[in-house]
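One structure below.
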Amino acid sequence: MTQAFPFLLLPHLWSSRNRARRRKKGDVLRASIFGSVGVVVCGALFAGAYWLTTKLAGYEEFGDYLLRLGLSWLFLTFLAFLAFSGVVTALSTFFLADDLRLLMGAPVSAGRLFMARFTRTVGQASWMVIFFMAPILVAVGVASCAQPGFYLTAALAVVPFVVIPVAIGAGMTLLLVNVLPARRARDLLMLTSLLFAAAIVLTLRFIQPERLMRVENLPDVTDFFATLQSPITPLLPSFWAGEVLFAGLQGGSDLLHGAALWTTALAFTVVLAAADRRWHFAGYSRSQESPKARVTSLRIVDAVAHALPLSTVRRQLLVKDVKVFLRDVSQWLQLLPLFALVLLYLYNFRALDLERIPYMSGVIKNVYALVNLGMAGFVVATVAVRFVFPAVSAEGSAFWLVRTSPVSMRDFLWSKFWTGLVPMVLFTEILTISANEFMGVAPFLKVVAAVAVIFMTFAMVGLAVGLGARYPRFGADPNQVAGSYGGVAFMIMAVLYILVMIVLVGWPSAMWLFSRVRSYPLSASREAMMAVSFLLAAGLSVATWLVSMRSGVRALDEMNR
Amino acid sequence: MIAIEELVKQYGGFTAVDGVSLDVKPGEIHGFLGPNGAGKTTTLRMIAGLLQPTSGRVVVNGHDLAREPEAAKTSLGFIPDRPFIYEKLTAGEFLTFHGGLYGIDGDGISDRVHEMLDLFELRRWENELIESFSHGMKQRLVMSAAFLHRPRAVCVDEPMVGLDPRGARLIKDVFRRMSERGVAILMSTHTLEVAQEMCHRVSIILRGRIIATGTVDEVRRMAGDGDDELTSVFLRLTGGSGLQEIDEIV
Chain A
1 MTQAFPFLLL PHLWSSRNRA RRRKKGDVLR ASIFGSVGVV VCGALFAGAY
51 WLTTKLAGYE EFGDYLLRLG LSWLFLTFLA FLAFSGVVTA LSTFFLADDL
101 RLLMGAPVSA GRLFMARFTR TVGQASWMVI FFMAPILVAV GVASCAQPGF
151 YLTAALAVVP FVVIPVAIGA GMTLLLVNVL PARRARDLLM LTSLLFAAAI
201 VLTLRFIQPE RLMRVENLPD VTDFFATLQS PITPLLPSFW AGEVLFAGLQ
251 GGSDLLHGAA LWTTALAFTV VLAAADRRWH FAGYSRSQES PKARVTSLRI
301 VDAVAHALPL STVRRQLLVK DVKVFLRDVS QWLQLLPLFA LVLLYLYNFR
351 ALDLERIPYM SGVIKNVYAL VNLGMAGFVV ATVAVRFVFP AVSAEGSAFW
401 LVRTSPVSMR DFLWSKFWTG LVPMVLFTEI LTISANEFMG VAPFLKVVAA
451 VAVIFMTFAM VGLAVGLGAR YPRFGADPNQ VAGSYGGVAF MIMAVLYILV
501 MIVLVGWPSA MWLFSRVRSY PLSASREAMM AVSFLLAAGL SVATWLVSMR
551 SGVRALDEMN R
Chain B
1 MIAIEELVKQ YGGFTAVDGV SLDVKPGEIH GFLGPNGAGK TTTLRMIAGL
51 LQPTSGRVVV NGHDLAREPE AAKTSLGFIP DRPFIYEKLT AGEFLTFHGG
101 LYGIDGDGIS DRVHEMLDLF ELRRWENELI ESFSHGMKQR LVMSAAFLHR
151 PRAVCVDEPM VGLDPRGARL IKDVFRRMSE RGVAILMSTH TLEVAQEMCH
201 RVSIILRGRI IATGTVDEVR RMAGDGDDEL TSVFLRLTGG SGLQEIDEIV
């Protein structure tokens, strides 16, 4: 007897159950850290949404109007994300997933396979949106003293709302996989990621959120929201979902927009299923063909490596690491969203018109230098856990080459360190210097931040390389390596280190700043304390760097015994 | 039982499989031989329904794969060279799921799973996660999955790779027993001794084309020497040993 499509989802459920039953070292720690972060985020979202809703409730009809627009805007924000997420997830679930090799060879009807894959795609693409949206909607309901029916309405509105954009995204993937002459699916991913990164920047430029910060504009928030409305807004599922929820909040129901949501979701699913039946096998077949891969010779890497004063061993290790990284589009592609976020970060601060608050602008600008230092530290930690920490694990099944060759583990690990350090220092220095330049930070703090960032980068790259060697996971996907026990341990240590550094650098900087603001000279004892604090920061960084590297080398040496 | 007619697969301008036709009768073990990159795996993946042919036809147990894919796949067991297995499932769970894919469920599946685990000497590991299995154990698990639904035809890509002598012997015995029961087996292999020992007929593919088909004796005669080992015949048909060049380099 043919089983219904949910049967095809069973291996994932069984796998999760087995994973939970047979926990590995660090699983509980990782789950509790991620769980705590999740609870904190949910709590913050709930509190923020609750506060905003109660404030709006104080404005009677005007508040209702803003709440209605806000709900529509909330859904609109998630609409583009869901469509993009649908494209990327469908590429994986419909075309690149390993288990397709098993399922496509089995007598599973196209319709069943589609339903199982689409269910998985919707789940994977939307869980994060639902995670963010749920506490907000619950908070809106609680703050508005909504009836229980509101929560049921919310659940019934969210389901078709997430299905529609994900179906559009999956349809785009189906089309692109069949149409693009270059069948390499990763190129597709690159294209969509670039588009998404560009879309974020453009959207934020278009919305110009900094206008809200202008004092003369503050009462005119309605104008801001009105700019988000356009003639096509009522045609968007985000508008329908907002209307359905708003009606639910008022204790009524909006059957028209509810029906629009459900019928559109069903129609899109049916159309996508038909398109899938017609084109999926052709697309899948194309996606697994292994044509001659485009090889970029990257001669410049060889040229640069030869120009550097390196031993042959270190030069070859460097060339190999750089070429492998640059040729693996899926690796460096993951930097794009990070760059987009950093650009937004810089843009937002550039756009802040602090001169309008003259009595504060000087202090805020200079405090910003410290905030920026912390931000640079977190960027380094994030990039390091994803790209530097897995450096040893990335050797994978080819690590025997290094272990059987006359290369010391010390040489090997230090090569990994320098390969990770150089781009990281360049990136963080550019980030820190340009951000402080934008803000017009005082020269003294500019120098402090620029020097501190160098020390922090040395320490965190060393920590990542060292812990990566202590806790390698050969053969695992770099994302899995980053999320492993060692990766989580690195993040905890890195965050602690950043916090200590901010204190050690921030405290003397604050002393200097206040002496300037209040125009009193620094005493010799205070200057000495400042120097001690800076020296402690430098000492901590150097110790973190060298101890981590030594520990990593020792771990690799012990592996050979 | 497995019939392919004028099968072609092109990747852009490159033709990987160029008009291959084969007919594997019920009870026949058919060796599919050829050097690396000759088109063996591509052909088998098209028969299994994993790759779309550019042109040509695949028929399994009388069902056209393009028109009746589910019926054709129900009759077929496929053992790929690089199989996918859910690493976080136990052997028992994997086989139960696999049986479900082929419509075997209810009370019957448990007995059948145990039969296959016994046959392939994996019963002790029924409740162990597959990720802890050795390569040979995984290979045997994939074979038990392929035979679980009692297929009428089997396509197998490099079955002996990574198996110890005991495992290899087991697989050979299973294939022989299946063949005696009328199962058609199309087996790609580089191990020419295995082909010589087990196959009723062999086909040799080179650059996407079948260059010789017949019994091992018939193929020997085609190569011009009736007494040679299959290895020599294979090398002669596919382009020499290259030993002279090796001597020059070494």
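As given, the protein sequences belong to chains A and B, one line each in that order.
Here the first sequence is numbered in the working numbering, starting from 1 and rising by one per residue.
Here the second sequence is numbered in the working numbering, starting from 1 and rising by one per residue.
Glycine included, every Cβ here is placed at the ideal spot set by N, Cα and C.
In this text the structure is predicted, and so the values were computed from the model without any measurement.
In chain order, what residues of the segment 26 to 55 of chain B put their CB closer than 7 Å to some CB of chain A? Ala48, Gly49, Leu50, Leu51, Gln52
Members of the segment 268 to 282 of chain A that neighbour chain B once the beta carbon cut-off is set at 7 Å: The residues in question are Phe281, Ala282.
Specify the secondary structure class of B:Phe84 as computed by DSSP and reduced to three states. coil
With a threshold of 8 Å between beta carbons, is A:Trp566 in contact with chain B? Absent from the structure is residue 566 of chain A, since the part of chain A shown begins at 1 and ends at 561.
When the Cα atoms are used, what is the spatial distance from A:Pro11 to B:Ile185? If I take the Cα positions, the gap works out to 29 Å.
According to DSSP, B:Tyr11 sits in a beta bridge with which residue or residues? B:Phe14
Opening and closing residue of the beta strand (DSSP E) in which B:Phe32 lies: 29 to 33
Against A:Ser109, what residues of chain B qualify as contacts under a CB-to-CB distance less than 7 Å, listed in chain order? Glu70
Contact between the segment 476 to 485 of chain A and the segment 379 to 391 of chain A: three or more CB pairs below 8 Å? By the Cβ test, the segment 476 to 485 of chain A is in contact with the segment 379 to 391 of chain A, since at least three Cβ pairs between them sit closer than 8 Å.
Nonlocal neighbours in the same chain, by C-beta distance under 6 Å from B:Leu76, ignoring five residues either side: Val60, Pro151, Ala153
Do A:Arg470 and A:Asp411 have their C-beta atoms within less than 8 Å of each other? no
Cα-Cα separation between A:Arg17 and B:Glu93, rounded to whole angstroms: CA-CA distance, A:Arg17 to B:Glu93, rounds to 12 Å.
Segment limits, alpha helix (DSSP H) that includes B:Asp111: First-last of the alpha helix (DSSP H) with B:Asp111: 107 to 119.
Measure the alpha-carbon distance for A:Met491 versus A:Ala381 and round it to whole angstroms. Whole-angstrom Cα-Cα distance: 7 Å.
Span separating the alpha-carbon of A:Thr404 from that of A:Val392: Spanning the two alpha carbons is a distance of roughly 15 Å.
Would you say A:Leu236 faces chain B, with C-beta separation under 8 Å as the test? Residue contact with chain B for A:Leu236: absent (no Cβ-Cβ distance below 8 Å to any residue of chain B).
Who are B:His63's beta bridge partners in DSSP? B:Val60
Measuring straight from C-alpha to C-alpha, what distance separates B:His285 and B:Arg176? Since the displayed chain B opens at 1 and closes at 250, residue 285 of chain B lies outside it and no answer follows.
In whole angstroms, what separates the C-alpha of A:Ala531 from that of A:Pro508? For the pair A:Ala531 and A:Pro508, the Cα-to-Cα distance works out to about 8 Å.
The segment 161 to 181 of chain A / the segment 274 to 285 of chain A touching (three or more Cβ pairs under 8 Å): yes
Going by C-alpha to C-alpha distance, which of A:Glu60, A:Tyr50, A:Phe95 sits closest to A:Met133? A:Tyr50
Just how far apart, CA to CA, sit A:Gly539 and A:Ala20? 42 Å
Cβ closer than 7 Å: which chain B residues qualify as neighbours of A:Met104? Gly49, Leu50
Considering only the beta carbon of each residue, do A:Ala452 and A:Ala537 sit closer than 8 Å? yes
If the criterion is Cβ atoms closer than 8 Å, does the pair A:Phe281 and B:Gln196 meet it? no
Since B:Asp157 is in the alpha helix (DSSP H), which residue starts that stretch and which ends it? Note, B:Asp157: premise wrong, no alpha helix (DSSP H); beta strand (DSSP E) at 153 to 157.
Compute the Euclidean distance between the alpha carbons of B:Arg209 and B:Gly56, then round it to the nearest angstrom. 14 Å
Which two residues bound the contiguous beta strand (DSSP E) that contains B:Arg201? 201 to 206
If A:Val244 and A:Thr153 are in contact, beta carbons under 8 Å, what's the gap, nearest whole angstrom? 6 Å
Using 8 Å as the limit for Cβ to Cβ distance, is A:Asp27 near chain E? Any reference to chain E falls outside this structure, whose protein chains are A and B.
Rounded to a whole number of angstroms, what is the C-alpha to C-alpha distance between B:Asp111 and B:Ala48? 27 Å
For A:Val465 versus A:Phe417, is the C-beta distance shorter than 8 Å? yes
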